[in-house]
Amino acid sequence: MPIDFLPVFLMVAVVIALSAFILTLSRLIRPHNPYPEKNRPYECGVDHVGEASAGMFKVQYFVIAILFVVFDVETMFLFPWAVVLKDMGLFGYVEMFVFIVLLLVGFAYAWIKGALEWVS
Amino acid sequence: MDLTQITSSVLASGPEIIIILGACVALMLSLVPRPGQGALLAGLSLVMIALAAAMSLTLAQNPQTAYGGMFVNDGFSTFFKMLLYLGTALTILISDRYLGTEDAAKGEYYVLLLFALSGAMIMVSGKDLLIIYVGLELQALSIYVLVGFLTTNTRSNEAALKYVILGAFSSGLLLFGLSLLYGLTGTTQLEAMGEALDSVETSSPLLALATVFLIVGLLFKVGAVPFHMWVPDIYEGAPSPVTGFMSTVGKVAAVAVILRLLIQDLAMLDPIWRGSVEAVAVLTLAAGSFAALVQTNIKRMLAYSSIAHGGFLLLGLLAGGSEGLASVMLYLLIFTVTNLGLFAVIVLLNRGAGQGENIQDFSGLAKSQPGVALMALVFLLSLAGIPPTGGFFAKFYVLVALVDAGFVLLAVFAVLLSAIAAWFYLRVIMLMYMEQNDQPAVFQVSPAIGWALIVTFTGTVLTGVLPAWFLGVSKAAATAGLG
Amino acid sequence: MIPTAWYLILAATLFVIGGAGVLLRRNVLIVLMSLELMLNSVTINLLAFGHVLQDLRGQIIAIFVIAITAAEVAVALGILVALLRNKNTLEVDELTVLKG
Amino acid sequence: MENVLSLVPVLIKMAIVVGVLLLLPLPLTWLERKIAAHIQQRPGPMRVGWHGLLQPLADAIKLLTKEDHIPAEADRMLFSIAPVVALVPPFLVFVAIPIGDPIQMFGTEIALSISDLNVGLLFILAVSGIGVFGTILAGWASNSKYAVLGSLRSIAQMISYEIPMGFSVIGVVMLAGSMQLSQIVSSQQGLWNVVVQPIGFFVFFVSGLAEAQRIPFDLPEAEGDLGAGYHTEYSGIRFSLFMLAEYLVVVVLAFLNVLLFFGGWLGGPAFLPATIWLLLKVGFFIWVFMWLRFTFPRYRYDQLMAIGWKLLLPLSLLNILVSGFVML
Amino acid sequence: MTDLPVLSILILLPAVGAVLTPFLRKDPIVRWFSLLVLFADFLLALWVLLNFDPNTAAMQFGEHRVWVPNLGISYRLGIDGISVWFVVLTSLLGWICVLASWWSISIRVKEFMTCLLAMQSLMIGVFCALDMILFYILWEAMLVPMYLIIGIWGGANRVYAAFKFFLYTLAGSLLFLIGILLLYFGGGQTFDVLALMEVQYPFPLQIWVFLAFLVAFAVKIPMVPVHTWLPDAHVQAPTAGSIILAGVLLKMGAYGFLRFSLPMLPDASQYFAPMMIALSAVAIVYGGFLALAQSDIKKLIAYSSVSHMGFITLGLFTFDAKGMSGAVIQMFNHGITTGALFLFVGIIYERTHSRDIAAYGGLIKVVPLFGILFAAFLLSSMALPGLNGFIGELLVLAAAFGVSGWAGAAGALGALVGAAYLLGVYRQMLLGEVKTPGDVFVWDLGRRELACAAPLLLFVVWFGLYPKPFLTILQPSLDHLMTQLNPTAVTP
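Chains as they are written, first to last, in my numbering: chain A, 1 to 120; chain B, 1001 to 1483; chain C, 2001 to 2100; chain D, 3001 to 3328; chain E, 4001 to 4492.
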C-alpha cells in the first residue's frame, strides 16, 4: 500500500523539476534590466507608505481562519466516519449527530455574535 | 456496544453531560443581551453545578466504569469532582463583582468556566490516557481564553498568550510521553497499560523517556519547579477570579491525574520517577517560598505561594499509599477553600483596571473593614499552616504521611520551608493590621461575594477545628481510588 | 520496509527542533509553528507505533491530537489578535508588561 | 527489482499526464477567449493562425521571454518559490484521478490512473488545500499592499469554501463506503449521485467555483479594485505559472464533478469508450465554467463570504445529517 | 471531684469572651467585660487549686474526647502538681494584664482584649493539654494573638520585633511537630502524652527527637544561641505583652522539657545533659553580663530573664531531685517576679515615656509606694532570702555543684552578677538624687495599679516565707518525674 503513494512523491519531484526547467529556460532568453523605479511595489504610481505585511488586517480574516480550523478538523472526523457509517449503524450516527449539533451550537453562536458579518 | 451499555455509559457520564448542556444553554442565553444577564447566567451555572453534584453523589453509590473502560466513576473521582464543583461555584460567586469593576461583564465568561469545569471533570474520571488528554485540553483551552478575558487589558492578553504557548508546550511533552507509552504497551487504557508495563523492564530507556516526558508534562501543569516560570506571569495577568480558579480547580484536576497515573495505575513506574520527583518537590517548595518573599503584587505572591503548595502536594504524592493519597486530597480540599476565600478578598479590593492588586493595598484593611480583614487573616494563616485553621491539618496530614512512609528528611525540609513561607503571609497580615492607610479601601460586600466569604471562612475554620469528617471522606476516597 | 526506529528518530528530531523553537525563537508566529512541529512529531510517533503494532488506536489518537492542536492554535490566534490590537507586536521579548 | 519494474507503467502514465496537463492551457485559453467573444458577439483573437488558433502559443512565447522583475522590497526567496508551490497541487491531484476502469494492454492489467489511492478523495481535498500556500506566499512575499490584500482575500475565500466543499462530498463517501475514486464511480452504477445528492452536488459545484476563484467568485483578482490580486507583482514566466495552476484547477474541478456526481465513465452510450465519455463530460463542465464566467456578474465580497458560511455550510451539514439518516 | 469539665471551662471561658468581645460597642464595656471574664477564670483556677489532691502524681480533672479519630488525635486534658501551678499563674497574670493595659491601650481596645482573651485560653490550654497534637496546636496558635499584640500595640520598632518573634518560634516549633510524628511512628502509635511516656524508645530515635524538641523549647525559653528575639520582643511589646511573654510564654519551653523531653526521652536527656548544662551556664553568665550592660530597663529585665531561665534549665538537667524542684519553683517565681517587674516598668513608662535607667533617680522619695514595691520585686528577682526567688535558686545551685563544679560556679557567678545589675537599678532609680526624664511629674500608684501589684506581692512574700503548700502539691509529681527519668531505679 505505501507503494501507492510513491507516484505522489515522484510527481512532486517532476513538477518541481519542470518548473525549474521552465524558469531556467526563461532566464536564458529573457531580458534583464531592473532599475529602482521599476522595482517599486505597484501602487498606482503613488509612493507607498509603510510596510505592507505589518499585520494590520481586518479582524474578520482572523475570525475566518479560526472558524476554518475548527470546521476543517471536523471534516477530518467526518471522512472516516462516512466510510464506515454502514457498519456502525445507528450508534455511529447518533454519535456524529451529537458532535455536529455541538459544532452547530458553536457555529450559531459565532453567527449570532456577528463573526460572519463582513460589513460592520 | 449494545444499547444497555450505551445507556449505562451515558448515565455514568451524566454529570459531565449536565455541565456541557448547561454551558451550551448558557452560551445561547448569553447571545440575548439584557439587564441582569450576568446574574442569570451565574445562577444557571450554579444550578447546573448543583445538579451535576447531586448526580455525582448518586452515581457514587455504585462505582462503575463506562465507555469500554475509558471512563470511571469511583470514590476517587467523585471526591475530586466535588472539589471541582466547589471551586467552580465559589469562583462563579466571586466573579460577578470583578467583571463589573473591570467592565468586562460578558456572558461567555460563565460558559467558559463551565467548559473548563467539564474538562477538569473528564480528566478526573478518565481512565484512558487519550480521554485524560482530551479533558485536559478542554479545560486548558477554556482557561486560556479566560486568562485573556479582559480583552482591552494588555496584561491579560499577554498572560493568555504566554499561557497558550507554554500550555501547548507542556501538552506536547505530555503527548510525546503518551505516544511512547502507547508504543511500548500498545494501549492507552490505563489498566491494560499497567498490566503491559509489568512485563517491561523499568530500566528500559524508552520507558524512562516516556515516563519523564509524561511527568514533566504534568508537572508543568501543576507549576512545579523548574517548570514553574509561567505561573507568576499568568497568575498576575489573569482576571483575579480566573487566577483563583486556575490555582484551585486547574490544580485539583492536574493533581488528580498525577495521582491516578503515578500512584494508582502506573505505580510500577515508581522507581523511574521517585528520585527526580523528590528533588523537584524540595526545589518547588524552596523556590516558591523564597521567590514569594520579594513580591509586591498580591497575585504574584500568591502565584509563588501556590507553587510552594504544589511542592507540598508532591510530597504527599511521594509519601504514596492510601495515606499519601488521602493527604493530598485533604490538602487540595483545604487549599481550594482557603485560596478562593483569599481571592474573594482580592476581588473586593479590586478597583478596576487592575488597580488594588498591590500588596500595599491591603494596608489598613483591619481598620476600614474589620470583618473582611479578619477573614483574610484566617485565610492567610491557613495558607501559612498555622493552627487552628484548616491549613495546619492539610500540612500536618502530609507530614504524617511522609513520616509514616519514612521520609523524615523531606518532612524536615518541608517544615523549615513552610516557616519561611509564613513570612510573606505574615507580611500581608502586618499590612492589614499594623499599617495606616490614607486611602482605606472602601467597598460594599455584595451578597454573592458575601456567600463565598462565608462558605470559605466556615470551611477554613471548620477544617481546622473539626477536621475528622473531612479526613474521613478523603481517606475513604483515597482507599477507593487505590482499591 | 523502513525500521521503526527511524520514524522514532525522525519524530524525536522534529520534537527537539520544535521544542527549541518554542524556547528560543522570539516571534510569536514562529513559536506557534514550532509548537505545531512538536505536536506533529507526536503524530508521527503515534502512526509509526500504530503501524508496528497493527493497531488502529494509533491513528485514532493521531486524529484527536490533530484536532486538539487545531483548537489550540485557533485559541492562540484569537488571543494573538486581541494582543495585536493592544500592542502591535509579534515579538515575545516585547511582551514585558508582566515581568519575568 | 520487481518493484522498480512495476514503476515503469507508472512513469509512462505520469509522463503522459504531465505532458497533457502542460499543454492543456493552450487550447483552453484559446477556447475561453473564443467563448467569451462569441457570447459577447465579437470574433475574439483572429490574427495568429486560423481563427487565432496559434494565439496561445504566441502568448506562451511572449511570457517566456518577458522580463521577470522582482520588486525591491519583496522577499526574493519566497517570491521565487511561490509560483512553484502554487503549481504543485493541481498536478498532484491528477495522481489519484482515474479516467476509466482498468484495461488490458500488453498482457497486463493497467489501471487508468497513475495511482488509485484508497483515500483518493481525501488526498485530493488535502492536496488542493495546499494550493493556499502558493497564494499566501505570493501575496506576502510581494510586500505590496495590493498583493497582500489580494492574497488575504483569496485565502479567506478559499478556506471558507473548502469547508462546504469537504462536507458536500461526505454524502458521496457515505454512499460509496469508500474514499477511493474508482469505487465511488462504480457505486454510481445505475444511478448517478447527482440524483441522490442534489444538495451535495449544488454545494460542491458552487464551492468548486469559488475554490477556483472563477466568476462569480473571482473577487480576489477583481482587476477593477485590487490590481491583479495576489499576483499583482508577478510578471513573465512566474505569472504564467500561476495562470497554469489556475487553469489546471478548473480541469481538476471538472473531473471531480464528473467523477463524484455524474457517474464518471459510467452510463455512456455503448459505442463510446468509457474514457472518452468521461472526457466529454469533463469538457462539458469546463465549458460550463467558462460560460458562467461571461454570464454572471461578480458578487460583493461580503456577499461572497455570506454565501459560503451562511448558506453552503449549514446546507452541507444538513445534507450530511439527512443523508445519514436516510441511508440507515 | 465533680463531673464538670472544669478544665474545659477554664479554657473555653476566655475563648468565648474573645468571640464575644468584638460585638461589644464601647471601649469601657470591653475593658470591664474582659476583666470580668479573666477574673472569673482566675477564681475558677483557684477553685481547681483548692480541690487539687496533693497526694498523687496522677493527672487530675482529666477529660478525654475523641477529636480526630482518623489521625489518633484526641482532646485530652488533665493537670498534675506541676501544671496546676502554671494554670494558676497564667490565670492570675491574665486579669492583671487587663488592668495593666487599662489606659495605656487606647486604640483598638476591642482587638486588644480579644487577643488577650484568646492568649489566655490558649495558654491555659497548653498547660492542660495531654495530647501531643492538641498541645502543639495550642502552642502554635498562641503565636498569632501574641504577634498581633506586639505588632499592633508595641513600640516604635514593633513590626520588626513581632516578625522576629513569630518566625523564630514558628521555625522552632515546626521541628517539634516532626519530633512528635517521629514519636508516633517510632513506636507509640498514639499522641497521648501519658501513653508516650510509657514507651521505651531506641536510643538513636531519642537523640533525633530530643534535638527536634530542643530547637522548639530552646527558642521559647530562650536558651543562648537562639535568644535574640527576646530582647526585641520584650522591649517593643506593650506592658501586657511583656508580662505574658515573661510570665508565661518563657515557661512553656521549660515546661516542654519537663513534660516531654525528660520523661519521654530519658536516655537522650541524660546523653545531652552535659551540653544542656553547659548551655545553661553560658546563658546564666552571658545573660547576666549583657543585662549589666543595658541602659534600657526593659532590655535589662529581658536579659535577666535569659539568665534566670538558664537557672531553670540548669536545674532540670542536673537530674537531681533538689535541682528539679528548684527549677520548677524558679519557673513559677520567675513568672511572678518578672511579670511584676515588667508591670512596674510599664507603670513608670506610662508616666514618663522613658525606659532609660540613668534618667531616673530617687523615685522612692517621690513615689514611695511605687518605690517600695518595685524594690521588693527587684530583691525577689535577686533571690533575697525570705522572698520567693531565694529557695529556687538555692536548690538549683546546690544541685549544680553536685553535678559539676564548673556549672555551679557559673551559677553562682550568675547570681552575683544578677545581684549587681539589680542592685544597680535599685540604686540608680530608687535612691539618690530625685530626677525623672524631662522632669515630668510622676504620681504614685493608683488603686488600679495597686490591685495589680498586691496579689503579686502576696505571692512573693508567701512563697518566700512559707513555700510548704506549694511544695506539697508539687512533690508527688516531681517524684514521679524522677522515677521516669531513671526507669531502672524503680523496676527491681
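Think of the CB as a built atom: it goes at the ideal place given N, C-alpha and C, for glycine as much as any other residue.
Check	Outcome
Cross-strand partners of Glu3109/D (DSSP beta bridge)	Gln3104/D
With 16 other Cβ atoms within 10 Å as the buried cut-off, status of Ile29/A	exposed
Spatial neighbours of Met3014/D in its chain, beta-carbon cut-off 7 angstroms, leaving aside the 5 residues before and after	Ile3114
Proximity below 8 angstroms, CB of Ser1179/B to CB of Phe2049/C	yes
Rounded separation between His4480/E and Leu4138/E - CA only	26 angstroms
Closer than 8 angstroms to chain B by CB, Glu4140/E	yes
Three-state secondary structure (DSSP) of Glu1102/B	coil
Through-space distance from Gly3264/D to Ile3097/D, alpha-carbon basis	10 angstroms
Beta-carbon neighbours of Asn2027/C, restricted to chain B and to distances below 9 angstroms	By Cβ distance, chain B contributes nothing, its closest Cβ being about 12 angstroms from Asn2027/C, past 9 angstroms.
Trp118/A, DSSP secondary structure in three states	coil
Simplified DSSP state of Ile4082/E, which is helix, strand or coil	coil
Collapsed DSSP secondary structure at Ser4074/E in the structure displayed	strand
Rounded straight-line distance, which links the Cα of Gly3100/D to that of Leu3181/D	10 angstroms
Within-8 angstroms CB hit, Met11/A to chain C	no
Delimiting residues of the beta strand (DSSP E) encompassing Gln4060/E	Gln4060 to Val4068
Element boundaries [alpha helix (DSSP H), containing Val4248/E]	Segment: none, Val4248/E is in no alpha helix (DSSP H) and carries neither H nor E.
Beta carbon proximity, Ala2071/C to chain B, threshold 8 angstroms	yes
N-terminal and C-terminal residue of the alpha helix (DSSP H) that Ala1452/B is part of	Pro1447 to Val1465
Cα-Cα separation, Tyr1331/B to Leu1130/B	27 angstroms
Contact under 8 angstroms by Cβ, Val4417/E with Phe4289/E	yes
Val2016/C at chain B interface by Cβ criterion, 8 angstroms	no
Contact list for Phe97/A against chain C, beta-carbon separation under 7 angstroms	Neighbours of Phe97/A on chain C: none; closest Cβ ~18 angstroms, over 7 angstroms.
Assigned secondary structure, Lys2099/C (DSSP; H/G/I helix, E/B strand, else coil)	Per-residue confidence for Lys2099/C stands at a pLDDT of 49, beneath the threshold of 50, marking its modelled position as unreliable; no derived number is given.
Near-chain B residues of the segment 2044-2078 of chain C (beta-carbon distance less than 7 angstroms), N- to C-terminal order	Asn2045, Leu2046, Phe2049, Leu2053, Asp2055, Arg2057, Gly2058, Ile2061, Phe2064, Val2065, Ile2068, Ala2071, Glu2072, Val2075 and Ala2076
Trp4443/E classed as buried or exposed, judged by whether at least 16 other C-beta atoms fall within 10 angstroms	exposed
Cβ separation of Ser3154/D and Thr3232/D, assumed to be a contact under 8 angstroms, to the nearest whole Å	The Cβ separation is near 12 angstroms, so there is no contact.
Proximity below 8 angstroms, CB of Ile3159/D to CB of Ile66/A	no
4-residue-minimum alpha helix (DSSP H) runs that sit fully inside the segment 4266-4295 of chain E, ordered along the chain	4266-4292
Helix, strand or coil at Lys4435/E [DSSP, three-state]	strand
Cβ-based burial, His4234/E [other Cβ within 10 Å; buried from 16]	buried
Exposed unless 16 or more other CB atoms sit within 10 angstroms - verdict on Met4275/E	exposed
Whole-number beta carbon distance between Ser4295/E and Ala4246/E, since they are thought to touch under 8 angstroms	With a Cβ gap of about 19 angstroms, Ala4246/E and Ser4295/E do not count as contacting.
Sub-8 angstroms separation of Phe3091/D and Val3018/D beta-carbons	yes
Reduced DSSP secondary structure (H/G/I, E/B, other) of Asn4388/E	helix
Same chain, Cβ closer than 7 angstroms to Val3085/D, neighbours up to 5 away in sequence not counted	Phe3133, Gly3134 and Leu3137
Leu4250/E vs Lys4220/E beta-carbon contact at 8 angstroms	yes
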